[in-house]
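Chains A and B supply the protein sequences, listed in that same order.
Each residue of the first sequence is one higher than the one before, counting from 34 in my numbering.
Each residue of the second sequence is one higher than the one before, counting from 34 in my numbering.
Worksheet: one structure, shown below.
2 protein chains.
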Amino acid sequence: MAFDALTTRDRPLSEPALAQLFTEARTRNAWTDRPVDEDLLRKLYDLTKFGPTAVNATPARFVFVTSPEAKARLAPLMADANREKTLQAPVNVIIGHDIEFHEHLPVLFPHAPGAKDWFGEEGGRRETAFRNGSLQGGYFLLAARALGLDVGPMSGFDAEGVRNEFFPGTTIEPNFIVNLGYGSDENLFPRSPRLSFDEAAQIL
Amino acid sequence: MAFDALTTRDRPLSEPALAQLFTEARTRNAWTDRPVDEDLLRKLYDLTKFGPTAVNATPARFVFVTSPEAKARLAPLMADANREKTLQAPVNVIIGHDIEFHEHLPVLFPHAPGAKDWFGEEGGRRETAFRNGSLQGGYFLLAARALGLDVGPMSGFDAEGVRNEFFPGTTIEPNFIVNLGYGSDENLFPRSPRLSFDEAAQIL
């Protein structure tokens with residue numbers, strides 16, 4: 034079937050889809066034993082990669098930690114409160130960003146051949162990598178939910194240790210870590226409050 | 034109908050939904066004249082706010098620029114290449130993040146009464162605000178697409194000028210700006226390449 038016949042463009046997704054992505058989705062702290070196979074991880078990347086980034090820089094890098102051996106390298110670097118659930122999750126994903134993303138711009142942003150030179154200054158590169166790598170982190174989390182997975186993102190880990198253990202000899206900086214799988218309701222927090230529209234937004 | 038009867042949890046969204054969010058969605062550079070009403074902007078915030086952030090900090094702040102008067106304040110601060118399309122879009126959204134987000138943690142993260150004190154150091158607060166505000170920026174862009182809208186995110190603007198014009202006397206830093214509406218195909222770039230799985234990811 035052609036895409037045109039399927040498109041929902043210019044219309045909202047269904048309420049169940051919005052619930053799966055946003056309104057009923059919850060950060061998970063415990064996991065069922067349903068496995069996550071490699072094909073699904075590749076599909077997850079193939080959705081995430083299409084999210085928009087400045088100059089199509091796509092600086093995010095992903096390490097999918099699945100084997101007992103790799104988990105044994107990661108677990109000691111997690112904050113105490115995050116260690117057990119990290120070991121229990123079928124997959125842990127270390128999301129980092131490459132400070133030297135601009136080296137790829139001749140391929141990624143072909144219609145502006147000089148784009149690489151816009152990022153000659155390291156401070157600006159770091160800011161661009163952090164902003165856009167984090168945007169891609171947001172796309173990743175929602176792409177996982179769009180595929181029926183649950184996520185548990187975490188900032189509590191030894192960043193320098195993770196860099197040395199998983200990104201040695203590279204220009205990749207760890208950003209945050211995500212537990213991934215099919216969540217259980219165990220240790221689920223009550224939904225916390227959110228700021229109202231008027232507290233967080235305004236219309237001018 | 035109860036949510037249980039509608040849930041698609043643990044299953045992927047439909048292919049048209051994945052296309053609308055990721056695979057067929059495109060950054061737009063021109064806009065139809067179909068308006069975006071205030072109710073839809075409020076619905077967009079009410080989806081965005083549920084995305085996960087560290088300690089539920091939700092540091093992102095949103096200024097929806099819709100009136101000719103507000104657009105006239107924003108336009109001179111945009112990079113030349115971004116000015117015309119910004120004026121043409123029905124809505125421009127300035128996404129910032131509040132460096133003093135921790136003041137809200139007693140309300141937003143009630144099960145850890147001391148959470149505010151974890152962010153006593155300004156450098157750490159800035160990093161947390163930037164990371165999580167950018168994550169929320171990613172949720173915002175995909176929430177807009179989930180509602181049938183198109184987006185055109187931009188980093189090319191005078192950040193200091195936008196801070197002074199739109200966030201004076203606050204602790205909010207501008208992050209990026211998004212054109213929002215129903216896109217046209219005018220000035221649409223060809224889809225740029227993306228890194229392959231093996232270039233951007235690994236499975237351990």
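Where a beta carbon is used, it is the ideal one built from N, C-alpha and C, also for glycine.
* Name, in chain order, the residues that DSSP records as bridge partners for N125 (chain A). => A:V98 and A:N212
* Neighbour list for R94 (chain A) in chain B, Cβ cutoff strictly below 8 angstroms -> A233 and A234
Among the candidates B:L180, B:D231 and B:I210, whose CA atom is the shortest distance from the CA of A52 (chain A)?
B:L180
- request: Using a Cβ-Cβ cut-off of less than 7 angstroms, list which residues of the region 99-132 of chain A approach chain B; keep chain order.
  value: T99, S100 and A103
| message | Using only CA atoms, which one of B:R75, B:L110 and B:G129 lies nearest to L168 (chain B)? | response | B:G129
message = Does chain A have any CB closer than 8 angstroms to the CB of T91 (chain B)?
response = yes
ask   = Three or more beta-carbon pairs under 8 angstroms between the region 157-176 of chain A and the region 75-95 of chain A, yes or no?
value = yes
Check your understanding: At a cut of 8 angstroms, does the region 206-215 of chain B reach the region 58-73 of chain B through at least three beta carbon pairs?
Key -> yes
Taking Cβ-Cβ distances shorter than 8 angstroms, what residues in chain A pair up with E71 (chain B)? I236
**Study point:** Cross-chain neighbours of L80 (chain B) in chain A, by beta carbon under 8 angstroms
**Key:** L51, L54, F55 and T56
Note to self: Counting beta carbon pairs with one atom in the region 194-207 of chain A and one in the region 125-139 of chain A, are three or more of them shorter than 8 angstroms?
What the structure shows: yes
Can you tell me whether DSSP reads G166 (chain A) as helix, strand or coil?
helix
Taking a Cβ distance cut-off of 9 angstroms, strictly less, list which residues of the region 182-206 of chain A are near chain B, in chain order.
L182, D183, V184, G185, P186, M187, S188, G189 and F199
Open item on the list: Give me the chain A residues within the contact set of H135 (chain B), using Cβ-Cβ distance strictly less than 9 angstroms, ordered along the chain.
Closed with: Going along chain A, no residue has its Cβ under 9 angstroms from H135 (chain B), so there is no contact; the nearest lies around 13 angstroms.
Exercise. Considering only residues of the region 110-162 of chain B, which uninterrupted beta strand (DSSP E) runs meet the minimum length of 3 residues and lie entirely inside it, listed in chain order?
Worked result: 124-131
R227 (chain A): contacting residues in chain B (beta-carbon distance under 9 angstroms):
D79, K82, F83, N89, T91 and L141
Tell me whether the region 142-150 of chain A and the region 107-117 of chain A touch, counting them as touching only if at least three CB pairs, one residue from each stretch, are closer than 8 angstroms. no
Next on the checklist: Using the Cβ count rule (16 or more neighbours within 10 Å means buried), how would you classify V140 (chain A)?
Outcome noted: exposed
- With 16 as the cutoff for other CB atoms within 10 Å, does R224 (chain B) come out buried or exposed? exposed
**Request:** Would you mind telling me which residues of chain A sit closer than 9 angstroms to F163 (chain B), beta carbon to beta carbon, in chain order?
**Result:** E160, F163, R164 and S167
Is it true that the CB of G171 (chain B) sits closer than 8 angstroms to the CB of G170 (chain A)? yes
Taking all protein chains shown into account, decide if N125 (chain A) is buried (16 or more other Cβ within 10 angstroms of its Cβ) or exposed. buried
If you reduce the DSSP assignment to three classes, tell me which class A177 (chain A) lands in.
helix
(message) Run through chain A and tell me which residues come within less than 7 angstroms of F230 (chain B), C-beta to C-beta.
(response) R75 and Y78
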